[in-house]
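Novice:
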Amino acid sequence: MQIYEELKARGLIAQVTDEEEIRELVNNGKAVFYIGFDPTADSLHVGHFMALCLMKRLQMAGNRPIALIGGGTGMVGDPSGRTDMRQMMTTETIQHNCDCFKKQMERFIEFGPDKAIMVNNAGWLMKLNYIELLREVGACFSVNNMLRAECYKQRMEKGLSFLEFNYMIMQSYDFYHMFQTLGCNMQFGGDDQWSNMLGGTELIRRKLGKDAYAMTITLLMNSEGKKMGKTAKGAVWLDPNKTTPFEFYQYWRNVGDADVLKCIRMLTFLPLEEIDAMDKWEGSQLNRAKEILAYELTKLVHGKEEAEKAQETARGLFAGGGSAEHMPSTELPAGKFEDGKIGAIALLVACGLCPSNGEARRLIQQGGMMVNDQKVTDIAASFDQADFLKEGIIIKKGKKVFHRAFIK
RNA sequence: GGGGGAAUUCCAGAGCGGUCAAAUGGGGCAGACUGUAAAUCUGUUGUCACUGACUUCGGUGGUUCGAAUCCACCUUCCCCCA
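Our numbering numbers the first residue of the first sequence as 3 and each following residue consecutively.
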């Protein structure tokens, strides 16, 4: 099976400008493609991860990837799929985020001569002259068409600033620029980027009379139509300091039944035959599939060792008997103890399991706190400092949140 | 440039002088049921020293015994006309 067919079978392809041409280029390793990443945070998240996987897949098939870091476009802010304007970021934040992105990407993709290229669009966008740009590029865009674009539609009700309106032009210019300087003939991106990407192919056609191609990756949605990779606390990050490998593992271990196979197909590198075999699984058997999904992804993102630790920890906690060594933990400073004891409420707050005393109190009253497998029923309960030595104690909040607290 | 409207707790959205820590829904958290799933049901959801006190309703002042509610100014946003 060739790469294009594989991508299709995995359900990764959402929209393409010219299927025949793209298939031809990609399958023969003739594509020089780019994917842009705007530095909106100091870590990549699951959405970016999909794009990186796609890069890797295509690179393995002999194509050349360009990872574009949006140091310039980040200054503008993409309005696609948003109902409000992004917070404007300072130049320093953008620079910091770019650096973080770069480090993380290097773990997935091989960069170097004849391998993948990494560029930052700040390099050319920041130098643009307004009037020149308007005459050269602005003349090629129809405002009428732009206003019809899907990515701005949502903003028509709430308001769209001129700053953001220009985002499409910046992104189009990127493609145009790299088409000429790097021979980049294809752009990939999330499906929400479709209209921005078409802007680029259109610009190339008008300015240079040449064809360039665009393809979007299916957005990872759960069966309820919500974007995956988000939790109540925010995105699922790839940075182990922001989302620990254990939490990362747990996120995937807990996806809904209806979504497991789709995730495995889209996100892992397991052979399709193997995945098709799993397709027949149902009911509690799917738990096995979820374990595979969680393990595979953790392995890709954090390495084999971390994946095994996370799996071992999860199995231990939920099935009983395993090691608790790798679960999230907190070292309690001696100051938290009074007369060698710490109260249950204070303990929950100190570990970050509850944001306030009130919430901690409620949790205990509702029977949601366990310490070393003993339910805590009294909000006035306290624990001896000595119990926290060595392994410490294991606190369980609700059914799924485990935390170890210890002192040195 | 002219006219009109709006800003409420995580979100949406009621409240329009005291009975408001503020209806209702969503989300979150917890409990029951389960397969670490979904659905369902129940409780809970400002802070603290929690049968009590304190701080909240865009901002700043003012009226009043008393303001989320009335007035003035400011800020932001939306709509209509140009």
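For glycine and all other residues, C-beta sits at the position ideal for the given N, C-alpha and C. All of these numbers come straight from a predicted model, not from anything done at the bench.
If I measure Cβ to Cβ from R208 and keep anything under 8 angstroms in the same chain, skipping five residues before and after, which residues do I get?
Specialist: Excluding sequence neighbours, R208 sits near C142.
Novice: If you scan the region 339-375 from start to end, which runs of the beta strand (DSSP E) of 3 or more residues do you find wholly inside it?
Specialist: List check, beta strand (DSSP E) in window: 343-345, 371-373.
Novice: From E166, K32, V257, pick the residue whose C-alpha is nearest to that of D116; which is it?
Specialist: Of the candidates E166, K32, V257, the one whose C-alpha sits nearest the C-alpha of D116 is K32.
Novice: What separation, rounded to the nearest whole angstrom, lies between the Cα atoms of N122 and K311?
Specialist: In a straight line, the C-alpha of N122 is about 36 angstroms away from that of K311.
Novice: Would you mind stating whether V257 and K232 have Cβ atoms separated by less than 8 angstroms?
Specialist: No, the Cβ-Cβ distance between V257 and K232 is not below 8 angstroms.
Novice: If P247 sits next to T332, beta carbons under 8 angstroms apart, how far is it from one beta carbon to the other, in whole angstroms?
Specialist: Not really, about 17 angstroms apart at Cβ, beyond 8 angstroms.
Novice: Let me check understanding here. Comparing Cα to Cα, which of I266, T270, T75 lies closest to K129?
Specialist: Comparing Cα-Cα distances from K129 to each of I266, T270, T75, the minimum goes to T75.
Novice: Per DSSP, which residues does P67 bridge with? Please list them.
Specialist: For P67, which the question treats as bridged, DSSP gives the partners F35.
Novice: Quick check: the Cα distance between R150 and L56, rounded to an integer number of angstroms?
Specialist: Spanning the two alpha carbons is a distance of roughly 29 angstroms.
Novice: If you scan the region 178-259 from start to end, which runs of the beta strand (DSSP E) of 3 or more residues do you find wholly inside it?
Specialist: Counting only runs of 3 or more, we get 188-192, 215-219.
Novice: With a threshold of 16 other CB atoms inside 10 Å of the CB of R137, please say whether the residue is buried or exposed.
Specialist: Looking at its Cβ environment, which holds fewer than 16 other Cβ atoms inside 10 Å, R137 is exposed.
Novice: Relative to the C-alpha of L391, which residue among G342, G192, Y175 is closest?
Specialist: When each option's Cα is compared against that of L391, the closest is G342.
Novice: Ends of the alpha helix (DSSP H) at M62?
Specialist: Unbroken alpha helix (DSSP H) run through M62: 48-62.
Novice: Could you compute how far the alpha carbon of K155 sits from the alpha carbon of Q173?
Specialist: Spanning the two alpha carbons is a distance of roughly 18 angstroms.
Novice: Since I405 sits in a beta bridge, which residues does DSSP pair it with?
Specialist: One detail in the question is off: residue 405 reads as His in this sequence, not Ile. DSSP lists I397 as partners of H405.
Novice: When burial is assigned at 16 or more other CB atoms within 10 Å of the CB, is A336 buried or exposed?
Specialist: With fewer than 16 Cβ atoms within 10 Å of its Cβ, A336 is classed as exposed.
Novice: Go ahead and pull the three-state DSSP assignment for M90.
Specialist: Coil.
Novice: Can the beta-carbon of W239 be found less than 8 angstroms from the beta-carbon of H47?
Specialist: It is a contact, given that the beta carbons lie within the stated cut-off.
Novice: Going straight from the alpha carbon of G211 to that of G185, what length do you get?
Specialist: About 15 angstroms.
Novice: Since A352 and L334 should fall inside the 8 angstroms C-beta cutoff, what is the C-beta to C-beta distance between them, to a whole number of angstroms?
Specialist: That pair is a contact at about 6 angstroms.
Novice: Along the chain, where does the beta strand (DSSP E) containing A16 start, and where does it finish?
Specialist: Element bounds for A16: 15-18.
Novice: For the pair the region 10-18 and the region 211-226, tell me if three or more CB-CB distances fall below 8 angstroms.
Specialist: Result yes; three or more Cβ-Cβ pairs closer than 8 angstroms.
Novice: Could you tell me the alpha carbon to alpha carbon distance between T95 and I71, rounded to whole angstroms?
Specialist: Their Cα atoms are separated by approximately 14 angstroms.
Novice: By the three-class DSSP mapping on this structure, what secondary structure does N168 have?
Specialist: Here N168 sits in coil by DSSP.
Novice: Apart from the five residues just before and just after Y297, which ones in its own chain have a Cβ nearer than 7 angstroms to its Cβ?
Specialist: Result list for Y297: A309, Q313, in chain order.
Novice: Taking just the CA atoms, how far does C356 sit from S384?
Specialist: If you take the alpha carbons of S384 and C356, they lie about 17 angstroms apart.
Novice: Between F35 and A69, is the Cβ-Cβ spacing less than 8 angstroms?
Specialist: No, they are not a contact pair.
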